[in-house]
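The structure under discussion appears below in the form of structure tokens.
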Amino acid sequence: MAESTNAAAAPDPRGSGSAADVPAMARRALAEVGAVFDRLPPSAAGDLSDAVLAARRVACFGVGREGLMVRAFCMRLMHLGFDAHVVGDMTTPPVGAGDLLVVSAGPGAFSTALALLGVAKDAGARTLVVTAQPDGAAARAADVVVHLPAQTMADDLPAGDDAGGRSAPPSAASVLPMGSLFEAVQFVFFDLVAIVLRERTGQTPAEMRARHTNLE
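Take 1 as the starting number for the sequence shown in full-length UniProt numbering and just add one per residue.
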């Protein structure tokens with residue numbers, strides 16, 4: 001006898017999810033970003049913009065998703081007419097006296113970041129670290145520290161999880177995964193610094209747009 005076509009389908013082990021949950025999660029994520037900016041040191045944007053304005057050339061470095069945010073900031077510097085480059089690109093020139101290396105090290109340190117900070121210092125360049133851990137190894141190695149007080153992978157797991165000593169109270173864990181609250185804050189912060197730089201250099205939005213590539 002053939003099976004009934006009205007038989008209930010087996011449940012999808014992946015679950016159906018709920019579209020209604022996404023707006024709620026988005027509101028929580030946006031609230032978390034806003035809370036970080038409420039705690040932002042008053043000098044943060046000024047310290048970064050001062051360092052950029054004082055530099056002959058700016059080199060930008062970050063790893064992983066932080067690296068994507070740094071690349072976005074470097075693009076904004078190009079839009080503003082600064083001589084800015086992403087570390088690792090084939091066209092990035094050497095740094096030296098009068099130059100600035102901007103390094104993202106949210107959790108406090110990365111081996112590559114520490115190595116590049118040393119190279120830049122030996123070459124006579126100034127160094128600036130953007131981090132959530134102002135007492136971390138990268139911050140200690142930098143001339144300027146910009147503190148973004150956001151959760152990173154250094155403290156993103158609830159207490160009791162196998163985090164290798166890295167934990168946060170369950171109530172404090174961000175809705176965003178794997179410490180990406182820091183990267184979300186970076187994206188907004190870097191664009192706000194670009195606005196500060198635009199105003200301090202007396203440029204217009206049209207002048208920035210005119211420098212955008214036509215090879216897309």
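Note that CB positions come from ideal geometry on N, CA and C, so glycine has one too.
Taking C-alpha atoms, which residue in the options lies nearest to residue i?
i, options, result
"residue 97", "122, 84, 81", "122"
"residue 87", "116, 108, 135, 136", "116"
"residue 124", "156, 57, 44, 212", "57"
"residue 95", "67, 127, 66, 81", "127"
"residue 129", "47, 40, 180", "47"
"residue 81", "214, 215, 148, 194", "194"
"residue 132", "27, 216, 39", "39"
"residue 136", "120, 176, 111, 156", "111"
"residue 113", "214, 77, 67", "67"
"residue 192", "215, 27, 37", "37"
Give the DSSP-derived three-state secondary structure of residue i in the structure shown.
i, result
"residue 190", "helix"
"residue 48", "helix"
"residue 91", "coil"
"residue 212", "coil"
"residue 206", "helix"
"residue 108", "coil"
"residue 84", "strand"
"residue 146", "strand"
"residue 141", "coil"
"residue 177", "helix"
"residue 55", "coil"
Since residue i is in the alpha helix (DSSP H), which residue starts that stretch and which ends it?
i, result
"residue 36", "21-38"
"residue 111", "111-122"
"residue 154", "Careful: residue 154 lies outside any alpha helix (DSSP H) and carries neither H nor E."
"residue 70", "64-79"
Are residue i and residue j close, meaning C-beta to C-beta below 7 Å?
i, j, result
"residue 150", "residue 182", "yes"
"residue 211", "residue 85", "no"
"residue 107", "residue 153", "yes"
"residue 44", "residue 146", "yes"
"residue 138", "residue 109", "yes"
"residue 119", "residue 25", "no"
In terms of residue numbering, what span does the beta strand (DSSP E) encompassing residue i cover?
i, result
"residue 61", "58-61"
"residue 101", "100-104"
"residue 129", "126-131"
What I want to know is whether the C-beta of residue i ends up closer than 6 Å to one or more non-hydrogen atoms of the ligand ZN.
i, result
"residue 57", "Within the structure as shown, the ligand ZN is missing, as the structure has no ligands at all."
Exercise for the section: Count the CB pairs spanning the region 41-52 and the region 201-215 that are closer than 8 Å, and state whether there are at least three. Expected result: no
Problem - Stretch pair the region 67-85 + the region 20-32: three plus CB contacts closer than 8 Å - result: Flag = no, the region 67-85 and the region 20-32 do not touch.
Exercise for the section: Could you say if the region 98-107 and the region 135-144 meet the contact criterion of at least three C-beta pairs nearer than 8 Å? Expected result: Touching, yes.
Handout entry: Inter-stretch contact (C-beta, 8 Å, three-pair minimum) for the region 56-64 and the region 197-204
Key = no
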